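Using my numbering, the first residue of the sequence shown is number 326, and each one after it goes up by one. Positions of the beta carbon are idealized from the N, C-alpha and C atoms, including for glycine. Treat the numbers as computed from the prediction; the structure is a model and nothing was measured. Before any comments, here is the structure.
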Amino acid sequence: MSASVSASEASFFSLTPGDIEKLKKRGDMASGVALELLDRQDYLLSTILIANNLVNIAAVMVANSIINMTMNFGDSVVLEFLVKTVIVTFLLLLFGEIMPKIVGTERPVSVSLFMARPLDAVRRLFKPFSYILINSSSHLSDLAASRREALSIDELSEAVEITKVETAEDRRMLNGILSFVGTEVSEIMRHRVDIVALDSTSSFDEVMNTIVRSGFSRIPVYEEKLDNIVGVLYVKDMIEHIDEGGQFDWMSILRKPYFVPEHKKINDLLDEFRDEQIHFAVVVDEYGSTQGVVSLEDILEEIVGEISDESDLDSVNYKKIDDNTYDFDGKTSLSDFCKVIDVDEDMFDSVRGEAESLAGVMLEVKRDFLKVGDSVTVEPLRFTVTSQSQRRIETIRVVIKR
């Protein structure tokens with residue numbers, strides 16, 4: 326009986342989707358009962374556990390009675406212990422657990438069909454006990470699950486650190502996935518000073534020039550000031566009106582802007598983008614002032630890294646002085662910078678902190694405001710501020726030491 330229950334446990338929980346399809350195609354009574362048992366795996370497992378424990382306890386009691394009737398150990402307590410405990414346990418494990426489970430795992434379909442109806446009868450017999458067991462354990466499972474969830478991020482972070490990955494890019498992607506839930510919109514948005522926007526009073530030609538110059542597919546539109554965003558211009562909506570020129574009222578095709586608070590988590594924003602079927606949002610602070618804009622691409626880049634298209638490098642503002650000297654815009658992203666001068670982005674890992682731009686890296690290294698002429702070094706690169714507007718670094722000269 327112990328062997329039968331153990332074999333059925335191994336067989337039922339070793340069934341593959343292909344094996345289950347075979348049972349469905351058979352259409353006989355045994356396969357129908359087996360499928361019914363699989364539909365309520367919680368009751369199946371509790372039935373097996375209850376039966377297995379009862380049978381094993383009974384086996385030990387019977388073995389003990391038989392040994393007492395047939396053997397006399399006298400004063401040898403050690404011999405009695407060896408026979409009653411070690412030998413009986415060994416036989417029970419070998420013939421009641423290990424060997425049956427091997428058979429059940431090797432022949433899951435056959436054993437499941439053979440044990441389906443006996444297990445169904447036992448299930449009906451023990452159903453009240455199974456109900457109590459399942460409902461009492463579900464509460465403990467919920468508590469354990471919540472505890473595991475609270476620890477999972479830290480545990481996974483430690484796992485990533487000790488896991489061997491093929492490339493640094495793979496490690497960045499794993500870390501991006503782990504930090505995804507805790508990242509706020511303000512950390513990934515295009516900031517206010519970098520927003521390309523249109524004034525509602527702009528002419529058709531000014532709108533077209535802005536579209537061509539920026540290369541963006543969605544451009545926010547404001548009235549009087551940037552804090553008053555009234556709509557978003559989708560460039561694809563302008564295509565069919567190109568030939569109309571100044572006769573066309575481009576404000577008539579604006580789409581309603583979607584506003585999000587700067588502290589919203591990006592995983593929640595991703596759900597909202599999917600539900601609302603949009604790719605672009607305006608980020609505002611608690612006073613309703615425009616702080617930046619965020620797109621679906623910005624969110625995805627948090628996981629997979631920089632997503633570059635054919636126009637990205639063309640839009641990087643830089644000038645090559647000679648083979649070892651370049652002038653870059655201070656807001657140039659590190660990924661674009663590394664592609665231009667052909668170096669590995671990993672070289673900035675130890676100094677970049679939260680910085681994503683060249684100016685940000687200089688501030689991270691200097692730990693103070695910089696003025697024109699100030700330099701920092703990240704071997705083998707030397708960065709020098711060549712112009713700035715108020716406290717914002719406008720241009721940076723980069724010298725490669727060879």
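Cβ contact (3+ pairs, closer than 8 Å) linking the region 684-698 and the region 708-716:
yes
Going by alpha carbons, who is nearest to residue 538 out of 573, 523, 552?
523
Tell me the DSSP bridge mates of residue 702?
Looking at the DSSP assignment, residue 702 forms a beta bridge with 707.
Which residues does DSSP list as the beta-bridge partners of residue 607?
The beta-bridge partner set that DSSP reports for residue 607 consists of 584, 618.
Residue 546 to residue 580 span [Cα, whole Å]:
Using only the alpha carbons, I get a separation of about 10 Å.
Per-residue burial, residue 453 [other beta carbons within 10 Å of its own, 16 or more giving buried]:
exposed
Does DSSP classify residue 531 as helix, strand or coil?
helix
By the three-class DSSP mapping on this structure, what secondary structure does residue 520 have?
coil
Inter-residue spacing [alpha-carbon to alpha-carbon] between residue 331 and residue 337:
10 Å
From 591, 589, 397, 583, residue whose alpha carbon lies closest to that of residue 601:
583
Specify, as a first and last residue, the run of the alpha helix (DSSP H) that residue 599 falls within.
591-601
Which first and last residues belong to the alpha helix (DSSP H) in which residue 558 is found?
From DSSP, residue 558 is part of no alpha helix (DSSP H) but of the beta strand (DSSP E) over 554-559.
Could you say if the region 413-421 and the region 377-393 meet the contact criterion of at least three C-beta pairs nearer than 8 Å?
Below 8 Å, enough C-beta pairs join the region 413-421 and the region 377-393 to call them touching: three or more.
Residue 564 to residue 577, Cα distance in whole Å?
14 Å
Out of curiosity, what's the CA-to-CA distance linking residue 374 and residue 459?
12 Å
Presumed contact (8 Å Cβ cut-off) between residue 598 and residue 618, rounded CB distance:
About 13 Å; that fails the 8 Å criterion.
Among 709, 684, 688, 551, the one whose alpha carbon lies nearest that of residue 525
551
Let me know the secondary structure DSSP gives residue 720 once reduced to three states.
strand
So what's residue 475 in DSSP terms, helix, strand or just coil?
At residue 475 the pLDDT is 49, less than 50, meaning the model places this residue with poor confidence; the figure from the coordinates comes in the next sentence. Correct three-state label for residue 475: helix.
Report all residues from its chain with a CB closer than 6 Å to the CB of residue 719; omit the five preceding and five following residues, and keep chain order.
655, 712, 713
What does residue 714 pair with, by DSSP beta-bridge criteria?
717
For the region 346-359 against the region 425-443, are there 3 or more C-beta pairs whose distance is under 8 Å?
yes
Roughly how many angstroms separate the alpha carbons of residue 448 and residue 366, rounded to a whole number?
11 Å
Along the chain, where does the beta strand (DSSP E) containing residue 448 start, and where does it finish?
From DSSP, residue 448 is part of no beta strand (DSSP E) but of the alpha helix (DSSP H) over 433-450.
Tell me whether residue 725 sits in a helix, a strand or coil according to DSSP, three-state version.
strand
CA nearest to the CA of residue 620, picked from 413, 541, 403
541
Proximity below 8 Å, CB of residue 462 to CB of residue 372
no
For residue 595, the nearest candidate out of 613, 628, 610 (CA to CA)
628
Taking just the CA atoms, how far does residue 616 sit from residue 589?
13 Å
Could you spell out the range, first to last residue, of the alpha helix (DSSP H) harbouring residue 648?
Where residue 648 is concerned, there is no enclosing alpha helix (DSSP H), given that its DSSP letter is neither H nor E.
Could you pull out every residue in the same chain whose Cβ sits closer than 6 Å to the Cβ of residue 645, ignoring the five residues on either side in sequence?
651
Considering only the alpha carbon of each residue, which of 705, 348, 678 lies closest to residue 669?
705
What is the DSSP secondary structure of residue 731, counted as helix, strand or coil?
Outside the displayed range of the chain (326 to 727) lies residue 731, so it cannot be described from this structure.
What are the residues that DSSP puts in a beta bridge with residue 346?
Beta-bridge pairing links residue 346 to no other residue.
So what does DSSP say about residue 638, is it helix, strand or coil?
Note that residue 638 has pLDDT 48, beneath the 50 cutoff, so the model's placement of it is unreliable and no number is given.
Would you call the CB atoms of residue 511 and residue 436 closer than 8 Å?
no
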